[in-house]
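Since the structure comes first, as structure tokens, the remarks are kept for the end.
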Amino acid sequence: MMFKLAEALGRLALAGREMTRLAGFTSRVDMLLNVLNDLENGKYQRTMILDINNTHQTRQENSGEINGKANGLLLSASSSLSSPSTDEDDLVTFQPGAGKIEIRDNLIRFKRVPLVTPNGDILIKCLDFEVPSGTNVLVCGPNGCGKSSLFRILGELWPLWGGKLIKPEKGKLFYVPQRPYMTIGTLRDQVIYPDRPADARRKSFTDSDLEELLENVQLKYILEREGGWESQQDWMDVLSGGEKQRIAMSRLFYHRPQFAILDECTSAVSADVEDNIYRRCHELGITLFTVSHRKSLWKHHDYSLHMNGRGFYEFKKINHEDPNTQFGS
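The opening position of the sequence shown corresponds to residue 1 in the working numbering, with each subsequent residue numbered one higher.
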């Protein structure tokens, strides 16, 4: 009887730990739902202001020194972040949701678009460049300069504080991260995600077509190793980092969007496989925004977008004949 009592107490102690974990998860889910509700209602509240009544405060951020004022929904900033102007005519007022988005195929254009976080932190005051289909862009810069922020605005995850953004509809813009998500399900589900098998059949994709996608990323061997398309595994643990990145690229080839954002997505892939992947993107007509500092990728791109982390950027054509061209390491 004492043994059973000790066993019950042990189970109770374990249950207490599990309840603590559950409470933590519940709190985070509740916070996420509250943020999503705020976003739906157009509410973007600045949470890091020391004195909301101070109309001219200076804060030092990772993106550089920013002089301006904010009240949670409205923010004024000078035209130069590294050397703020004091001329009142040089001040531009931003407001979340004030920018315009125009849906158009085969073109991405930032027309006087400020790069501003939902909290109101200005990373770049005015982005102005155009990328038509077929023009690959290499995006580089130090950590915190605004690379990811640019793509969050492009994906409409963050509000547009001003200017005009021309872009294709969401289904024609694809994002491939450095650590791709592996869904619960079969090997087939990993390649066609977020589609379902019924969606793949409706698009006339057969298993042979999917096998060709794996061959494009030199991952065909995984079919035999894992037991075929119907195999179900914990894919986050079963696959290596490079294999997960190649699965993500086969996923890109399956969806074949107009534009793709590749965020260090081949960092764990060998140079020869990486080269084949970029060539295949060109063959499929997928225009790329690539975040990377790898010199081996320069030859696959036409323009560079360099952000210096101090509020300035440079968009220029890559001169492949110039040995002094530098974007990274």
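Note that the Cβ used here is the ideal one computed from N, Cα and C, for glycine as well.
Cα-Cα separation between residue i and residue j, rounded to whole angstroms
i, j, result
"residue 217", "residue 223", "13 Å"
"residue 21", "residue 160", "37 Å"
"residue 286", "residue 268", "21 Å"
"residue 319", "residue 198", "46 Å"
"residue 19", "residue 30", "16 Å"
"residue 138", "residue 196", "32 Å"
"residue 171", "residue 283", "20 Å"
"residue 120", "residue 177", "25 Å"
"residue 272", "residue 140", "22 Å"
"residue 313", "residue 291", "15 Å"
"residue 316", "residue 250", "30 Å"
"residue 303", "residue 278", "15 Å"
"residue 201", "residue 209", "11 Å"
"residue 264", "residue 11", "45 Å"
"residue 57", "residue 183", "Residue confidence for residue 57 is low, a pLDDT of 38 falling below 50, so the modelled location carries little weight; the figure read from the coordinates is stated next. So the alpha carbons of these two residues sit roughly 46 Å apart."
"residue 155", "residue 41", "18 Å"
"residue 192", "residue 212", "13 Å"
"residue 245", "residue 1", "55 Å"
"residue 204", "residue 255", "12 Å"
First and last residue of the uninterrupted beta strand (DSSP E) at residue i
i, result
"residue 204", "No beta strand (DSSP E) holds residue 204; DSSP gives it neither H nor E."
"residue 110", "107-116"
"residue 260", "259-263"
"residue 192", "Note, residue 192: premise wrong, no beta strand (DSSP E); alpha helix (DSSP H) at 187-192."
"residue 128", "122-132"
CB contact flag (residue i, residue j, <8 Å)
i, j, result
"residue 99", "residue 164", "yes"
"residue 168", "residue 105", "yes"
"residue 136", "residue 288", "yes"
"residue 148", "residue 258", "no"
"residue 107", "residue 153", "no"
"residue 103", "residue 114", "no"
"residue 101", "residue 307", "no"
Range of the contiguous alpha helix (DSSP H) that encloses residue i
i, result
"residue 151", "147-154"
"residue 278", "271-284"
"residue 248", "241-255"
"residue 226", "221-226"
"residue 237", "235-238"
Cross-strand partners of residue i (DSSP beta bridge)
i, result
"residue 22", "Per DSSP, none; premise fails for residue 22."
"residue 307", "313"
"residue 174", "260"
"residue 212", "Per DSSP, none; premise fails for residue 212."
"residue 290", "138, 262"
"residue 165", "101, 110"
"residue 218", "Its beta-bridge partners do not exist; DSSP assigns none."
Residue i Cβ short of 7 Å to the ligand SAH heavy atom set
i, result
"residue 104", "This structure lacks the ligand SAH, and indeed carries no ligand of any kind."
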